[in-house]
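Okay, so the sequence shown: first residue is -11 according to my numbering, each after it adds one.
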Amino acid sequence: MDWLEEHGGTLAVIGIIIFFGWLFLSSSGSSNSSTNEYNNSYESSVEDDSYYEEPEEFYGYECSDDCSGHEAGYEWGYDNDVCYEYSSGDEYWDSYSDSFNEGVTAYIEENC
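In structure tokens:
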């Protein structure tokens, strides 16, 4: 009888044990490293305040999101010759949106 035939079953069992041992150790190590990566990124963001962004501004007015309301008001002021209306005291541009109103006001402050 050949040595491989005699010990082949034992080698297969040892191989399976080694494979599952490696699989177990590699999975437990990766969860620890991902936890450490999360902790390190959280700690670094808290330390240097890069997680918290300053709000954008539009001509000195603070934007709550992307300044699109301010931009629309500014453009509307330009398109509707607000300088003329503003100088005559007729402020009909007042809308329900504070950001739009601030955009129109920014246009007036910069151009009238």
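Glycine included, each C-beta is placed from N, C-alpha and C at the ideal position. Nothing here was measured: the structure is a model prediction, and the numbers come from that model.
Fill in: Presumed contact (8 Å Cβ cut-off) between G48 and S87, rounded CB distance
Residue mapping note: residue 48 aligns to position 60 of the sequence shown, counting from 1. Residue mapping note: residue 87 aligns to position 99 of the sequence shown, counting from 1. Contact doesn't hold; Cβ gap of about 13 Å is too wide.
Fill in: E44 versus F7 - alpha carbon distance
Counting from one through the sequence shown, the residue named residue 44 turns up at place 56. Counting from one through the sequence shown, the residue named residue 7 turns up at place 19. Straight-line Cα distance between these residues: approximately 55 Å.
Fill in: Bounding residues of the alpha helix (DSSP H) (the contiguous stretch that carries N99)
Residue 99 sits at position 111 when you count from the first residue of the sequence shown. Unbroken alpha helix (DSSP H) run through N99: D86 to N99.
Worksheet item: Tell me, which residues are paired with E(-7) by DSSP?
Response: Here the question's residue -7 lines up with position 5 in the sequence shown. In DSSP, E(-7) forms no bridge with anything.
Practice prompt. State the Cα-Cα distance for the pair G(-3) and G9, rounded to the nearest angstrom.
Written response: To locate residue -3, count along the sequence shown from 1; it is residue 9. To locate residue 9, count along the sequence shown from 1; it is residue 21. Cα to Cα, the separation comes out at about 18 Å.
Item to complete: Can you tell me which of the three DSSP states E63 falls into?
Response: As a position in the sequence shown, residue 63 is number 75, starting the count at 1. Helix.
Worksheet entry | Cα-Cα separation, E(-6) to G3 | As a first step, residue -6 is located in the sequence shown; it is residue number 6 there, counting from the start. As a first step, residue 3 is located in the sequence shown; it is residue number 15 there, counting from the start. Using only the alpha carbons, I get a separation of about 16 Å.
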